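Take a look at the structure below.
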Amino acid sequence: MNVKLPPEAKIGMVARLPDELWSKLDRVCSDVVEWDAREVVTRASQPINQSALLLNGVMTRHIADKDGHRQMVALQVPGDFVDLHSLPLGRLDHDVSTITRSRAAIFPHDALKQIIAESEDDARALWALTMIDASIHRHWTFRLGRLRATAGMANFLSELALRNELNGRGDTKGFDLPLTQQELAEVCGLSPMHVHRVLRDLREGGLCSVKHGRVEILDRAGLVRTGNFDPQYLYLPWSSDPAS
237 MNVKLPPEAK
247 IGMVARLPDE
257 LWSKLDRVCS
267 DVVEWDAREV
277 VTRASQPINQ
287 SALLLNGVMT
297 RHIADKDGHR
307 QMVALQVPGD
317 FVDLHSLPLG
327 RLDHDVSTIT
337 RSRAAIFPHD
347 ALKQIIAESE
357 DDARALWALT
367 MIDASIHRHW
377 TFRLGRLRAT
387 AGMANFLSEL
397 ALRNELNGRG
407 DTKGFDLPLT
417 QQELAEVCGL
427 SPMHVHRVLR
437 DLREGGLCSV
447 KHGRVEILDR
457 AGLVRTGNFD
467 PQYLYLPWSS
477 DPAS
């Protein structure tokens, strides 16, 4: 049984998909599902036969060691396929979980493979989404390895500000970011206590305020400069100056 994609679903990263491909995706969407907050959707190494497009909410991908310590390796916002890279792999090396109550459109892998088999252009368009996803992963690795704590947090917040602006969930004044300090620590490779100090420094520096699950941007250009943020790795289909 197929269901129609909501009209507002083509936002953010998937907004770049051609209309013809989007119509095909609309025809093969098998379900729209909802998950509770902090729910594990997919476990590492679990066989996967479908991919999910996030419509509402915030989701995460993370890797955990045997002692339960986690490192967040991706944060997904509306307009993101949260696991399209599972299409050729059949499973993932990380867990996929929700941060908030989330809603997603489901696409069976068999249907996606049929679309790819019938059109090289469609295959390249879907492949491009996974390549941009990999580009974001590389940037997160760079941020963890090369940027100091305050710069790393400013870089992360600048990225999320832009991605939420592109999907209509944020604007130049701010966006919702329902992460705990522990989860922000998992993003930036810091301790929760260090996260507290970094957020204080950003607030006292007049750059942004993070509280009650909301990021209020006080100085967008200053936040971008502090984080050495350059959005080229997002491969936006149009020119965008994050400091404007």
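Each residue of the sequence shown is one higher than the last, beginning at 237 in our numbering.
Glycine included, each C-beta is placed from N, C-alpha and C at the ideal position.
Remember, predicted model here, so these are calculated numbers, not experimental data.
Of the residues the options, the one placed nearest residue i, counting alpha carbons only
i      : options                        : result
LEU241 : MET389, LEU289, ASP329         : LEU289
SER333 : GLN468, ARG456, PRO243, GLU419 : GLU419
GLU244 : ARG405, THR416, ASP455         : ARG405
PRO428 : TRP363, ALA280, GLN417, ASP437 : GLN417
LEU323 : TYR471, TRP363, SER355         : TRP363
LEU257 : THR278, ASP358, VAL250         : ASP358
VAL434 : THR386, GLU401, ASN400         : THR386
ILE284 : ARG327, GLY304, ILE299         : ARG327
GLY441 : PRO414, LEU383, GLN307, GLY458 : GLY458
THR278 : ALA397, HIS305, VAL318, VAL431 : VAL318
ALA280 : GLN468, ASP301, ILE247         : ASP301
GLU354 : GLN307, LEU380, LYS260         : LYS260
Cβ-Cβ separation, residue j to residue i (assumed contact under 8 Å), whole Å
i      : j      : result
ASP331 : VAL276 : 6 Å
VAL460 : SER371 : The pair is not a contact, with the Cβ atoms about 18 Å apart (cut-off 8 Å).
SER287 : LEU320 : 5 Å
ARG337 : ASP272 : 6 Å
Where residue i falls: helix, strand or coil (DSSP)
i      : result
VAL294 : coil
PHE343 : strand
LEU435 : helix
SER475 : Note that SER475 scores 47 on pLDDT, short of 50, meaning its location in the model is unreliable and no value can be drawn from it.
LEU415 : coil
VAL250 : helix
SER480 : In this prediction, SER480 scores a pLDDT of 47, lower than 50, which makes its location untrustworthy; the coordinate-derived value is nonetheless stated afterwards. Three-state result, SER480: coil.
THR278 : strand
VAL239 : coil
ARG456 : helix
ALA273 : coil
SER266 : coil
LEU325 : helix
LEU289 : strand
ARG337 : coil
ILE299 : strand
Extent of the continuous alpha helix (DSSP H) to which residue i belongs
i      : result
LEU365 : 356-382
MET194 : In the structure as shown, the chain begins at 237 and stops at 480. Residue 194 is therefore absent and cannot be evaluated.
VAL446 : VAL446 -> not in any alpha helix (DSSP H); beta strand (DSSP E) instead, spanning 444-447.
Span of the beta strand (DSSP E), counted from its first residue to its last, around residue i
i      : result
GLY410 : 410-412
GLN312 : 306-312
Check: residue i C-beta below 6 Å from any heavy atom of the ligand ZN
i      : result
ARG297 : For the ligand ZN, the structure offers nothing, since it holds no ligand at all.
- Query: Between the segment 343-361 and the segment 293-307, do at least 3 Cβ pairs fall closer than 8 Å?
  - Reply: Verdict: no, contact absent.
- Is there contact here, the segment 362-375 with the segment 329-347, by at least three beta-carbon pairs under 8 Å? Judged by Cβ distances under 8 Å, the segment 362-375 makes no contact with the segment 329-347, as fewer than three pairs qualify.
- Query: On the three-pair Cβ rule with 8 Å, is the segment 401-419 touching the segment 444-455?
  - Reply: Contact annotation: the segment 401-419 touches the segment 444-455, with at least three C-beta pairs closer than 8 Å.
- Query: Touching or not, the segment 381-396 and the segment 462-472, by the rule of three or more beta carbon pairs under 8 Å?
  - Reply: Because the criterion of three Cβ pairs below 8 Å is met, the segment 381-396 and the segment 462-472 touch.
- Check whether the segment 298-318 touches the segment 418-425, taking contact to mean three or more Cβ pairs, one atom from each stretch, closer than 8 Å. Touching, per the Cβ criterion.
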